[in-house]
Each structure stands twice: as C-alpha cells, then as structure tokens.
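Colleague: Take the sequence shown: its position 119, counting from 1, is numbered 119 in full-length UniProt numbering, and each next residue is one higher. Take this structure first; my questions come after.
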Amino acid sequence: MALRLLVAREHSCLELTRKLSARGLDPDAIAGALDQLIDEGALDESRLAAHYVAERAGKGFGPQRIRAELRDKGLADSLIDRHLQPMNDTWPEVLARTHERRFGQSQPSDRSDYAKRARFLEQRGFTPDSIRRLLRFPD
1 MALRLLVARE
11 HSCLELTRKL
21 SARGLDPDAI
31 AGALDQLIDE
41 GALDESRLAA
51 HYVAERAGKG
61 FGPQRIRAEL
71 RDKGLADSLI
81 DRHLQPMNDT
91 WPEVLARTHE
101 RRFGQSQPSD
111 RSDYAKRARF
121 LEQRGFTPDS
131 IRRLLRFPD
C-alpha cells in the first residue's frame with residue numbers, strides 16, 4: 001500500500017506514517033515497510049526535498065514558505081537547508097518573477113499599493129528585506 005502511495009508522488013516518512021495509520025495499519029508493520037522502502041530507494045526524503053524545492057520555487061513560492069511546508073512534511077532542518085541553500089542566488093529572480101506575474105512591471109503607486117504587494121509576497125514566503133529591495137518604495 002505504501003508503494004502505491006509513492007507511485008503518485010514523493011512522500012516523507014511522516015506523511016506515509018500518517019496515511020497508513022489512518023487506514024488502520026499496525027505501527028510496527030508501518031515502520032517495517034518504511035524501512036524496507038528506504039533500503040530499496042523507493043522512499044528518499046532528500047529526493048523529495050530537492051523535487052519539492054524546485055517545484056514550489058517554479059510556482060513562485062519563497063524560501064520561508066517552502067521551509068515551513070517541508071517541516072510540516074516532517075523533514076529535518078538540516079535536510080531542508082541543504083536543498084534551499086543552493087538557491088540563495090536564485091531567490092531574487094523568483095521574487096521578481098512572482099511579483100511581475102501578479103502585478104506586472106510597474107512599481108507601487110502609493111503606500112497602500114506597496115502594502116498590498118508586500119503582503120502578497122510575504123504570504124508567498126519571501127523575506128521582508130528581499131521584498132523591500134524589490135519594491136524600493138521611496139520614503
């Protein structure tokens with residue numbers, strides 16, 4: 001059953017444990033099955049993190065949001081950092097592309113517009129500093 005879940009998409013150990021427990025399977029059987037899947041290479045949290053970071057960044061999400069989502073999946077911070085770190089030079093491009101997709105190429109027209117854009121980008125997981133650098137609203 002766990003292998004069928006992995007065919008659809010990558011899962012973390014925590015996600016599979018939750019799904020299989022919800023179906024009433026024995027915790028010892030779940031642990032054994034997960035160990036076997038890890039040994040066979042069918043379950044690989046590093047592969048999940050790499051794929052997830054690339055997919056979510058491609059959809060315009062920032063590092064803070066992606067980090068939170070991967071933590072919810074039960075991945076360790078060290079694993080998350082290992083996959084977010086290589087994109088440090090790419091985040092400004094992802095931020096600019098996300099902003100342009102939503103708001104076009106124009107800069108904020110007033111403080112209200114600036115706040116609206118900043119809220120949107122912050123909800124997408126970008127840092128306040130990076131948002132300020134992008135929007136450059138004059139004081």
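Glycine included, C-beta positions come from ideal geometry on N, C-alpha and C.
Enumerate in chain order the residues of its own chain whose CB-to-CB distance from Gly60 is below 7 angstroms, with the five nearest sequence positions on each side excluded.
Modeller: Val94, Arg97, Thr98, Arg101, Arg124
Colleague: Could you check the C-alpha separation between residue 197 and Arg117 for me, to the nearest Å?
Modeller: Absent from the structure is residue 197, since the part of the chain shown begins at 1 and ends at 139.
Colleague: Quick one: residues in its chain with C-beta nearer than 7 angstroms to the C-beta of Leu134, no 5 flanking neighbours on either side, listed in chain order?
Modeller: Leu95, Ala96, His99
Colleague: Please report the distance separating the alpha-carbon of Glu122 from that of Pro128.
Modeller: 7 angstroms
Colleague: Does DSSP put Gly108 in a helix, in a strand, or in coil?
Modeller: According to the sequence as given, residue 108 is Pro; it is not Gly. If DSSP states are grouped into helix, strand and coil, Pro108 belongs with coil.
Colleague: Exposed or buried, Ser109, counting other C-beta atoms within 10 Å across all chains shown (16 or more means buried)?
Modeller: exposed
Colleague: Under the three-state reduction of DSSP, which class applies to Thr127: helix, strand or coil?
Modeller: Reduced to three states, the DSSP call for Thr127 is coil.
Colleague: Straight-line CA distance for Val53 to Ile66?
Modeller: If I take the Cα positions, the gap works out to 7 angstroms.
Colleague: Tell me which same chain residues have a C-beta within less than 8 angstroms of the C-beta of Leu84, skipping the five on either side of it?
Modeller: The answer, listed in chain order, is Val53, Pro63, Ile66, Arg67.
Colleague: Just mark Glu45 as buried or exposed, buried being the case when its beta carbon has 16 or more other beta carbons within 10 Å.
Modeller: buried
Colleague: Just curious, the alpha helix (DSSP H) that Arg101 is in, first and last residue?
Modeller: 91-103
Colleague: Taking 8 angstroms as the limit between beta carbons, can you name the residues of its chain near Glu15, skipping five residues before and five after?
Modeller: Lys73, Gly74
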